[in-house]
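Residue numbers (our numbering): 213 to 775.
By construction, the Cβ of each residue, glycine as well, lies at the ideal position given by its N, Cα and C atoms.
Here the structure is a predicted model, which is why all the values come from computation and not from measurement.
What follows is a short report on a single structure.
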């Protein structure tokens with residue numbers, strides 16, 4: 213046991229045993245504070261036994277069990293009281309010492325400045341910077357300067373966040389809403405596939421963020437850095453925090469370009485492109501329009517990803533360009549999908565397979581892009597053989613449309629809101645957090661099984677708005693989401709297979725089949741994508757106009773009161 217000194221009167225260390233407690237007594241410690249719950253790992257000395265031994269050695273013993281990442285006000289208050297009452301020097305311990313140090317830091321807030329606390333813990337080799345905002349807030353509280361509390365704080369100014377704010381204000385204009393968003397531009401991302409086909413111009417998919425920000429909200433122009441749901445705070449990038457009565461988390465996800473070796477350096481040259489970036493979608497069209505005869509590779513990573521049909525759309529539209537130019541017979545087109553099926557909803561596969569055969573596309577399932585050598589124009593894939601072994605396959609190319617793996621944002625995955633895989637853990641119907649009844653989430657950051665599309669966010673936003681208002685009134689959620697998502701699969705310029713489905717792959721068509729059969733390629737679906745969906749996005753969805761997406765009420769017997 214080697215204690216780390218934070219102050220002369222307070223040290224921390226990792227898990228102690230009998231010998232460690234004896235050494236602590238010999239070193240002159242007068243009090244031991246254990247901040248670790250019992251039974252976190254096998255053979256851990258439990259608090260009762262440690263307390264008995266400490267007292268036999270002449271030391272006071274206190275147990276304040278802290279679950280990793282959770283520092284409730286009651287525990288902080290207990291720590292403060294023990295530090296004030298018991299004799300030092302004090303030795304705090306947990307698995308590594310970090311929880312004990314963090315609890316000390318929070319207990320010291322208001323007596324020491326946040327800068328002093330962080331300097332002391334840094335000098336001890338312990339990072340508590342994740343608590344910077346809470347330290348500042350507690351210091352402010354001690355001076356009678358508590359930060360303002362908003363009715364609703366929305367993290368994320370993308371499609372989901374803006375639509376939810378507008379839907380809330382439509383129902384209750386008096387709400388005090390803050391939107392945390394650092395970006396200066398807002399993008400219509402569904403349009404990037406059309407940019408990649410030369411149908412849309414890039415600038416039609418981008419506007420200044422201020423143009424879509426609702427007039428009555430407070431725009432906090434910086435990034436969120438963490439969530440503290442126990443104290444109803446969002447930590448900001450500058451270390452400050454913002455408080456809320458209800459939180460809506462819609463921060464989106466992260467495109468993990470770096471997960472594919474060589475891809476970040478290769479993008480935008482040597483025929484390597486992706487419609488998943490605003491600046492690269494025009495390069496997709498230029499490359500498809502000027503490519504030499506040869507091999508064209510299109511990739512799709514493991515799910516979940518934004519718009520599971522987008523990787524195919526780039527492929528079909530490029531093939532249509534080559535068909536029109538008479539180049540298609542001299543192109544070798546390969547689709548490398550890390551998954552095992554062409555599309556997750558079987559009803560749409562027959563129509564897609566017709567185009568796969570028409571364009572002569574070679575389907576490669578279970579094939580994951582792992583590396584790109586742009587200068588050599590070689591892509592490397594990993595495939596799992598039938599015996600479970602993994603083989604690497606290299607494919608030369610003239611054009612590569614790459615789609616990166618997609619992951620939760622780091623600050624989301626590290627937060628108390630995260631569930632399995634780092635995605636925000638919400639009820640799939642009400643979109644309320646499974647553990648925090650005043651927290652809701654929608655869009656790409658959640659763990660719901662719906663397709664991650666703008667159409668899904670359009671349907672989710674009114675549901676969240678209704679349920680947030682219910683939560684503010686102490687009532688149970690009143691609206692439910694059916695998992696609706698839409699993926700207009702552009703199989704050629706002028707025709708689209710309009711996939712619309714909900715949870716479990718249930719088909720949820722907007723129009724009767726006699727008007728539009730979504731399982732077949734139609735010109736009407738192309739008209740919707742080309743002419744109707746952009747103005748619906750800009751002038752309806754982002755403005756709180758809920759045409760054909762009004763919230764579905766929860767049947768009365770299914771409602772549960774807020775805990």
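Check	Outcome
CB-CB under 7 Å to residue 608, same chain, minus the five flanking residues each way: which ones, in chain order?	507, 589 and 590
How do the stretch 552–564 and the stretch 509–524 stand: do at least 3 beta-carbon pairs fall below 8 Å, yes or no?	yes
From this set, 439, 271, 330 and 478, which residue's C-alpha is nearest residue 585's C-alpha?	478
If I measure Cβ to Cβ from residue 389 and keep anything under 6 Å in the same chain, skipping five residues before and after, which residues do I get?	364, 377 and 429
Considering only residues of the same chain and omitting the five flanking positions on each side of residue 212, which have a CB-CB separation below 6 Å?	Nothing can be reported for residue 212: it is not among the residues displayed for the chain, which extend from 213 to 775.
Please work out which residues of its chain come closer than 6 Å, Cβ to Cβ, to residue 732, disregarding the five sequence neighbours upstream and downstream, and give them in chain order.	563
Would you list the residues sitting across from residue 420 in a DSSP beta bridge?	397
Which residue comes first and which comes last in the beta strand (DSSP E) that contains residue 453?	453–461
Within 10 angstroms of its Cβ, does residue 674 collect 16 or more other Cβ (buried), or is it exposed?	buried
Whether or not the stretch 720–740 and the stretch 700–707 are in contact is what I'm after, with contact meaning three or more pairs of Cβ atoms, one per stretch, closer than 8 Å; do they touch?	yes
Out of 447, 370 and 729, point me to the one whose CA is closest to residue 422's CA.	370
With distances taken between CB atoms, is the gap from residue 463 to residue 568 smaller than 8 Å?	no
Please work out which residues of its chain come closer than 7 Å, Cβ to Cβ, to residue 481, disregarding the five sequence neighbours upstream and downstream, and give them in chain order.	586
Any idea what DSSP makes of residue 283, helix, strand or coil?	coil
From residue 681 to residue 380, what does the alpha carbon distance come to, in whole angstroms?	8 Å
Following the continuous alpha helix (DSSP H) through residue 524, name the residue where it begins and the one where it ends.	522–536
Return helix, strand or coil for residue 756, following the three-state DSSP convention.	coil
Using only CA atoms, which one of 446, 690, 667 and 686 lies nearest to residue 710?	667
Using C-beta distances below 7 Å, list every residue in its chain close to residue 628, excluding the 5 sequence neighbours before and after it, in chain order.	281, 282, 439 and 441
Please state whether DSSP places residue 725 in a helix, a strand or coil.	coil
Within 10 angstroms of its Cβ, does residue 602 collect 16 or more other Cβ (buried), or is it exposed?	exposed
Looking at the structure shown, is residue 575 part of a helix, part of a strand, or coil, going by DSSP?	strand
Start and end of the alpha helix (DSSP H) containing residue 751?	745–751
Who does residue 275 pair with in a DSSP beta bridge?	246
In the DSSP assignment, what are the bridge partners of residue 668?	In DSSP, residue 668 forms no bridge with anything.
Taking its Cβ as the centre, do 16 or more other Cβ atoms sit within 10 Å of residue 287, making it buried, or is it exposed?	buried
Would you tell me roughly how many angstroms separate the C-alpha atoms of residue 499 and residue 617, rounded to the nearest one?	23 Å
Given this structure, state the Cα-to-Cα distance separating residue 264 from residue 309, to the nearest angstrom.	21 Å
Work out the CA separation of residue 487 and residue 750 for me, nearest whole Å.	20 Å
Do the stretch 327–334 and the stretch 262–279 touch if we need at least three Cβ pairs shorter than 8 Å?	no
Can you give me the C-alpha to C-alpha distance between residue 311 and residue 514, rounded to a whole angstrom?	36 Å
Where does residue 334 sit, in a helix, a strand or coil, going by DSSP?	helix
Between the Cα of residue 447 and the Cα atoms of 468, 407 and 342, which residue gives the shortest distance?	342
Nearest-angstrom Cα distance between residue 766 and residue 383?	18 Å
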